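What follows is a single structure, written as C-alpha cells, with notes after it.
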C-alpha cells in the first residue's frame, strides 16, 4: 500500500471537526481580512451597545463654558460648539448607524427576496416587472432616498424606509436571476414530477440555495446604508438633528472646520472604520461561502 | 448593424417611461396628503388649496400621470414653488458645475484606477498588489464628505495651496477653474477609482491566465506591450461596464461633494429644494439625472460594439 502524503491544508480539512468553535477558529485563521473585519466590527458594536460603560457622559449635556475644546485628557475627542462631549456623542452615534444598517439590510432582503421569488417563478410577470425594476434602478439611490425623506417626517424609522426602497429592486434582481437558473435544475423538475406545489418548491428547494448570496449581499447593503444615513443626516434630510448620529455630529461641525476640526475628524473615523469592517466581513464571507 | 443599434435605442424607451412615472409617483407613495406636506407646518387652508390646484393634485391620478408625461415629452418640467422660475431653467443654470465635477472625477478615476488595477494584476501576490487591494477596499468604504473635509483641512486650511470652497467657471480662466475643481474632483473620484481598480484587476487576472498571453510572452514581446495591447484590450469590457454602472455612484457622491465645497451645482439645487419642499424641482433634477444615467449606459452598450467586434445588437 502506497504511503499517501498530503499537503498540510488538506490534512487540516480531513482532521476531525473540533466542534463549532474550533472550526470557526480555523476558518478565521485562513481568512485574515474576515478576522480583521469581524474583530473591528465586534469592538464597534461593543462600543455602541455598552456606550454608558465606556467612561462616557450624557451625549446631550451642554457645557457652554467648555465650547470647542480640543481633545485632552478628560475630553478625549474634544467638545463641540455647545460644549458637548464628542467622544460620548460619537459612541452613542454608533447605535444609530448600526440600527439603520442592520434594519435596512434585513428589510430590503425580505421584501426583495419575496418579490424576486414571485417574479422569477411566474413568467407572465417577468417582462413587465423587470422593466419596472430597471427603471427604478436608474434613479440614483441617494437621490431617491432624499426625495422620499423630503415627503416624510424626519425620524430614524423613516430614514430606514427611505433607504430600503432603493435597495429592493437590486435584491429582487439578484434573487430573480438565481430563481431563473434554479428552476431548470433537476431537483426542481423532480419535485414537480412528484407533485410538489409551487409555494413549497420556492420555500424548500429554491430559497435555501439563495441563503449564501443573500447573506453576502446583506453585508454590503448594511455598509452602504450606514454611509447613506450619514449622507442624509449631513445634508439635513436624515435623522432628526437632536439625535447624535455621526452624520448629524459632522453636519454641526462643518461650520467649525477651521476652528475645531476634531468635531468632524472623530465621528468620520468611526464611520469609515465601521463601513470598512463590514465590507471586509462581506468580502470574507463571499470567499468562505463561495458566492460567485 | 444599424437596425440592431436602433433596436437597442428603442429598448431604452420603456425604461425612460418607468423612470418618468416612478419620479411622478414618488409624490403619492408616501403617506399623507402631498399638498399639506409641501405647504409646510404654517400653511393656511388656502395655501394648501392653491398648491393642490397648481400641482394638479386635484385631478384624478391617471389624468395627472398623463399630464405629467405630456409635459416632460415637451421638455416642460414645471415651475419652482419657491422661486417661480421654470425648473428646466434652474437645471440648465446649475448643470455646468455638476458636469465639470463629474467629468473631472471620471477622468481622474479612470486615469489612475485602470493603471493601478493592471499593475496589481501583473504583480499578483506582491506587496504592490496588496497595497492596491487595501486601497480599493478602504477607498470604497470612505465617507465622501469626510474625505472632502480631510483634503480641505490638509491642502486648503493648513497648506493654503488650494481654495477651501467655491466654483469658478471656465469662462473666468482655466487656472482658477482647475484650482477650484481639484479638491472636489479628487474627493468624488476616490470611491469610483477604487471600484475601477478592483474591477480592472479581476478582469486582467482572468485574461492574463489565457493561452494567447503566454504565447505573446513566449514570442518575446515586451511586457508592457503584452499588458496593454493583448491583455488590457481584452479585459476592458467589464471595466467599461462598471464605468457605466458606477455613474450612479458618481452622481450620488456629487450631491454630497457639492455640499462640502459649496459648489452651486445640481446637488445643491436638490438639497435646497428638499429643505424648502420645492417638489417640482426635486422631481425635475431626479428625472434629468436618471435619464442621463440611462443614456450613459446606452453609450457604454454601444461602446461594446467598438471594443468587441463579436458583439452584435
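Residue numbers (our numbering), protein chains in the order written: chain A, 1409 to 1700; chain B, 11 to 323. Positions of the beta carbon are idealized from the N, C-alpha and C atoms, including for glycine. None of these values were measured; they are calculated from a predicted model.
Interface partners of residue 1658/A on chain B, CB under 9 Å: The sequence position of residue 1658/A within the first chain is 250, counting from 1. Those are 153, 155, 156, 159, listed as they occur along chain B.
Residues within the segment 1635 to 1647 of chain A neighbouring chain B, beta-carbon criterion of under 9 Å: Correct list: 1635, 1636, 1638, 1639, 1642, 1643, 1644, 1645.
Beta-carbon neighbours of residue 167/B, restricted to chain A and to distances below 9 Å: Position 157 of the second chain holds residue 167/B. Result: 1665, 1666, 1669.
Chain B contacts from the segment 1464 to 1492 of chain A (Cβ-Cβ distance under 9 Å): Against chain B - using a Cβ distance shorter than 9 Å - the segment 1464 to 1492 of chain A contributes no residues.
4-residue-minimum alpha helix (DSSP H) runs that sit fully inside the segment 209 to 243 of chain B, ordered along the chain: 221 to 228
Buried/exposed call for residue 78/B, threshold 16 Cβ in 10 Å: What you label residue 78/B is simply residue 68 of the second chain in a count that begins at 1. Classification of residue 78/B: buried, given that the 10 Å Cβ count is 16 or more.
Residue 1680/A: contacting residues in chain B (beta-carbon distance under 9 Å): Sequence index remark: in the first chain, residue 1680/A carries index 272 (1-based). Going along chain B in sequence order, the residues near residue 1680/A (Cβ under 9 Å) are 148, 151, 152, 153, 156, 157.
Chain A within 8 Å of residue 36/B, Cβ atoms only: Taking the second chain and counting its residues from 1, one reaches residue 36/B at position 26. Answer yes: the Cβ-Cβ gap between residue 36/B and chain A drops below 8 Å somewhere.
Whole-angstrom distance between residue 1646/A and residue 1563/A, CA atom to CA atom: Walking along the first chain from the start, residue 1563/A turns up at place 155. Walking along the first chain from the start, residue 1646/A turns up at place 238. Computed Cα separation, rounded: 7 Å.
Interface partners of residue 1549/A on chain B, CB under 8 Å: To locate residue 1549/A, count along the first chain from 1; it is residue 141. Neighbours of residue 1549/A on chain B, chain order: 258, 262.
Short CB-CB distance (under 8 Å) between residue 1683/A and chain B: Counting from 1 along the first chain, the entry for residue 1683/A is found at position 275. By this cut-off, residue 1683/A is an interface position.
Residue from 57/B, 38/B, 93/B, 58/B with nearest C-alpha to residue 70/B: Along the second chain, read from residue 1 onward, the residue named residue 70/B stands at position 60. Residue 38/B is the option with its Cα nearest to residue 70/B.
Alpha helix (DSSP H) runs contained entirely in the segment 1422 to 1507 of chain A, provided each spans 4 or more residues: 1427 to 1438, 1440 to 1457
Best match in 165/B, 75/B, 216/B for proximity to residue 243/B [C-alpha to C-alpha]: Here residue 243/B refers to the residue found at position 233 when the second chain is read from its first residue. Ranking 165/B, 75/B, 216/B by Cα distance to residue 243/B puts 216/B first.
CB of residue 213/B within 8 Å of CB of residue 245/B, strictly: One-based indexing of the second chain puts residue 213/B at position 203. One-based indexing of the second chain puts residue 245/B at position 235. Yes.
Buried versus exposed, by CB contacts within 10 Å (16 or more), residue 293/B: Position 283 of the second chain, counted from the first residue, corresponds to residue 293/B. It is buried - the Cβ of residue 293/B has at least 16 other Cβ atoms within 10 Å.
The segment 163 to 172 of chain B touching the segment 1674 to 1683 of chain A, judged by at least three CB pairs closer than 8 Å: no
Proximal residues of chain A, C-beta to C-beta of residue 287/B below 9 Å: For this step, residue 287/B is matched to residue 277 along the second chain. By Cβ distance, chain A contributes 1558, 1559.
Beta-ladder partner(s) of residue 89/B, from DSSP: Position 79 of the second chain, counted from the first residue, corresponds to residue 89/B. Beta-bridge pairing links residue 89/B to 96/B.
Spatially closest choice to residue 1659/A from 1618/A, 1481/A, 1699/A, 1644/A, by CA coordinates: Here residue 1659/A refers to the residue found at position 251 of the first chain. Answer by Cα proximity: 1644/A.
Option nearest residue 1637/A by Cα separation, candidates 1609/A, 1502/A, 1458/A: Within the first chain, the letter at position 229 stands for residue 1637/A. Shortest Cα-Cα distance from residue 1637/A to any of 1609/A, 1502/A, 1458/A involves 1502/A.
Coil, strand or helix - residue 68/B by DSSP: Against the second chain, residue 68/B aligns to sequence position 58. Here DSSP, grouped into helix, strand and coil, assigns residue 68/B to coil.
The alpha helix (DSSP H) enclosing residue 1539/A, as first and last residue numbers: Locating residue 1539/A in the first chain gives position 131, counting from the first residue. 1531 to 1545 is the extent of the alpha helix (DSSP H) around residue 1539/A.
4-residue-minimum alpha helix (DSSP H) runs that sit fully inside the segment 1554 to 1639 of chain A, ordered along the chain: 1564 to 1590, 1594 to 1601, 1606 to 1609
Rounded Cβ spacing between residue 25/B and residue 281/B (contact assumed at less than 8 Å): If you number the second chain from 1, residue 25/B lands on position 15. If you number the second chain from 1, residue 281/B lands on position 271. The pair is not a contact, with the Cβ atoms about 27 Å apart (cut-off 8 Å).
Near-chain A residues of the segment 77 to 101 of chain B (beta-carbon distance less than 9 Å), N- to C-terminal order: none
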